[in-house]
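These notes are about the structure you will find just below.
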Amino acid sequence: MHPSCLPFAVYLLAAGTFLMGTTEFVVAGILPEGADAFEISVSQAGPAITVFAIGMVVGAPAMALLTLRLPHRVTLVLSLVVFGLGHVGVVLAPDFAFVLAMRAVTALATGAFWAVAAVVAVRLAGPGRSAGALGIVLGGGMLANALGVPLGAFLGQASGWHGPFAVLAALALVYPVFRLVPASAAGAPPLAGEVRSLGSGRMWLALAACVLINAGVMGMYSFVAPLLTDRAGIAPGAVPLVLLAFGAGALVGNVVAGRLGDARPFATVLVLRERVRREGRSARQDDTARRVRTGPPSRGATVVR
9 MHPSCLPFAV YLLAAGTFLM GTTEFVVAGI LPEGADAFEI SVSQAGPAIT VFAIGMVVGA
69 PAMALLTLRL PHRVTLVLSL VVFGLGHVGV VLAPDFAFVL AMRAVTALAT GAFWAVAAVV
129 AVRLAGPGRS AGALGIVLGG GMLANALGVP LGAFLGQASG WHGPFAVLAA LALVYPVFRL
189 VPASAAGAPP LAGEVRSLGS GRMWLALAAC VLINAGVMGM YSFVAPLLTD RAGIAPGAVP
249 LVLLAFGAGA LVGNVVAGRL GDARPFATVL VLRERVRREG RSARQDDTAR RVRTGPPSRG
309 ATVVR
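Position in the sequence shown (first residue = 1) + 8 = my numbering.
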């Protein structure tokens, strides 16, 4: 194998994170359709995103520890089965409360898959290619934003709220992870060692950075459809195109950063941090200029109904 090439199983794992990322974010693109389907407001439908996020936060570390002794392939297959059945539950849900319950179950399975997929990808890639392998696997989630979410939004607008979830259920249940991912990874660390790793200050610092970044993204993305249509004046049919542009940028950034991270990790982080800081300052200046031109919003203005 060429040193720059990664095992095909890494790309297969990325296909799995593509499914997981699509279900995580697709609700944002079809939130108005979901609200109409259950005869509730958009803000009342928002918990379909919140519940999933909470389930991911709990599911990733908890399921990683609970499945530590299972072969990695078994954990991945079980996660996909639960993921698929959870989506079947969403399709057949009699009310919105049942949707929330199924979203929570699906989130736990998603957290387990993401945690194990990252470990397997790093071990398959070997030394010197771990950041690139992680970039590919996490890039599946970014591709979900670039392709899965816009397609889900198109499908949701054409066939209704349930359409994207039915397709995701079918894809998860035929996903061939059991054929190409190794049955186990030798030398799985003991549980005590995994728990001791929680005392690493560097790990918590990296985790805090991830929390801040994802909180900012999710805070905007959760209600992106009504923000675009109600506040920005974009036609509903164009919402998937905006989601496509957002996802394409996320995908390119994730893959490129993964490649650069193998060669110059610290320089990559510093450059990206400075770029984000400048973009944030530019956005604040643009918002201030807009407010000066248009004046403050009316007291009764709202973002979502």
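The beta carbon of each residue, even a glycine, is placed where N, CA and C say it ideally should be.
Among the options, the one whose alpha carbon lies nearest that of residue i
| i | options | result |
| --- | --- | --- |
| A129 | F91, I48, A23 and T114 | A23 |
| A174 | A152, A72 and V99 | V99 |
| A152 | L259, V50 and P69 | L259 |
| L163 | P15, F16, P55 and V35 | V35 |
| A265 | L74, G149 and G143 | G143 |
| M150 | A253, P135 and R239 | A253 |
| S49 | L88, L74, L86 and P234 | P234 |
| V18 | A178, A139, P102 and H170 | A139 |
| T25 | V219, L179 and S208 | L179 |
| G4 | P172, V65, G94 and G209 | Missing from the structure shown is residue 4; the chain here goes from 9 to 313 and no further. |
Three-state class that DSSP yields for residue i in the structure shown
| i | result |
| --- | --- |
| R313 | Caution applies to R313, whose pLDDT of 45 falls short of 50 and renders its modelled position unreliable; the model cannot decide the point. |
| W122 | helix |
| C218 | helix |
| F46 | coil |
| G241 | coil |
| W212 | helix |
| P158 | helix |
| R137 | coil |
| L14 | coil |
| A109 | helix |
| G168 | coil |
| L74 | helix |
| F231 | coil |
| L163 | helix |
Nearest-angstrom beta carbon gap, residue j and residue i [assumed within contact, 8 Å]
| i | j | result |
| --- | --- | --- |
| M71 | L116 | 6 Å |
| T237 | V225 | Rounded, the Cβ-Cβ distance is 20 Å, inconsistent with contact. |
| A133 | L14 | 6 Å |
| T31 | L181 | Going by Cβ atoms, the distance from T31 to L181 rounds to 14 Å, so no, they are not a contact pair. |
| A125 | L21 | 4 Å |
| A68 | A123 | 5 Å |
8 Å Cβ cutoff met for residue i and residue j
| i | j | result |
| --- | --- | --- |
| R111 | V59 | yes |
| G37 | L251 | yes |
| L74 | F121 | no |
| F104 | F46 | yes |
Whole-angstrom distance between residue j and residue i, CA atom to CA atom
| i | j | result |
| --- | --- | --- |
| V145 | V279 | 22 Å |
| A109 | V96 | 12 Å |
| H80 | G255 | 29 Å |
| D44 | S51 | 12 Å |
| Y183 | I57 | 24 Å |
| G147 | L155 | 12 Å |
| A194 | L76 | With a pLDDT of 45 at A194, under the threshold of 50, the predicted position of this residue should be treated as unreliable, though the coordinate-derived value follows. Approximately 12 Å, taken between the alpha carbons. |
| G245 | V232 | 14 Å |
| C218 | G119 | 15 Å |
| V157 | F33 | 6 Å |
| L86 | G42 | 28 Å |
| G54 | P135 | 42 Å |
| M211 | A243 | 43 Å |
| L330 | R131 | Outside the modelled stretch of the chain, which goes from 9 to 313, sits residue 330, for which no answer is possible. |
Residue-level contact to chain D via CB, residue i, 8 Å cutoff
| i | result |
| --- | --- |
| V50 | The chain inventory of the structure shown lacks chain D, comprising one protein chain alone. |
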